[in-house]
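Working notes for the structure below.
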Amino acid sequence: MATITAGEFRNGKVFEMEGKYYQVVEFQHVKPGKGAAFVRTKMKNVVTGGVTETSFNPTAKFEEVAIERKNMEYSYNDGDLYYFMDQETYDMVPLNRDMLGDAFRFVKENTMCMILSIKGNVFGVEPPNFVDLEVTETEPGLAGNTATNTLKPATLETGAEIKVPLF
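Counting along the sequence shown from 1, when you hit position 34 you're at 26 in my numbering, and nothing is skipped either side.
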């Protein structure tokens, strides 16, 4: 495995610290007027999902972890379990709703997603960057209510609610 420093942190980077795997959620290089520079980091434990905030010396070294990426098809969900099908072996992989993230509310069934794992243990899902969704319900816009940039609620075919322009 390659070694990285805290100064090389980027969002999404996965590293090993004290035998545990962490993914960088947010980072900020801080150079105070007095004292040494440091990297303020918000990181997620990829096994437990717990998020912690820590500061590191920019020269602190960590082992970079190789992330395995596999393209799988989101088939269906049953309660809090979401099932993904391996396109090569046709095996079904169940994942808990907590592993999917907020962006997954825009993904409909039979959509290809990237499954992220470390040493065979799945820790996350990357949904596609772009999806075509249909608006299933929205309220009519009120006439004369256009003095400012106004929005109205709309429901997508996946059940997600968003705000859209009045027209």
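Glycine included, every Cβ here is placed at the ideal spot set by N, Cα and C.
Bear in mind the structure is a predicted one, so any value in this text is a computation, not a measurement.
Buried versus exposed, by CB contacts within 10 Å (16 or more), residue i
i, result
"Tyr68", "exposed"
"Thr140", "exposed"
"Val173", "There is simply no residue 173 to check, as the chain begins at -7 and stops at 159 in what is shown."
"Lys23", "exposed"
Where the beta strand (DSSP E) through residue i begins and ends
i, result
"Glu129", "Val127 to Thr130"
"Thr147", "Leu143 to Leu148"
"Met9", "Val6 to Met9"
"Val117", "Asn113 to Glu118"
"Val43", "Val43 to Phe48"
"Asp83", "From DSSP, Asp83 is part of no beta strand (DSSP E); its letter is neither H nor E."
"Leu73", "Leu73 to Asp78"
Euclidean distance between Cα positions of residue i and residue j
i, j, result
"Ala58", "Ala(-6)", "9 Å"
"Leu108", "Glu126", "28 Å"
"Gly151", "Arg97", "8 Å"
"Asp72", "Met91", "10 Å"
Selection from the options that minimises the alpha carbon distance to residue i
i, options, result
"Asn102", "Leu108, Val114, Pro119 and Arg61", "Pro119"
"Gln15", "Arg97, Lys23, Asn113 and Gly4", "Gly4"
> Quick check: the region 68 to 82 against the region 23 to 41, are there 3 or more CB pairs under 8 Å?
Replying inline: no
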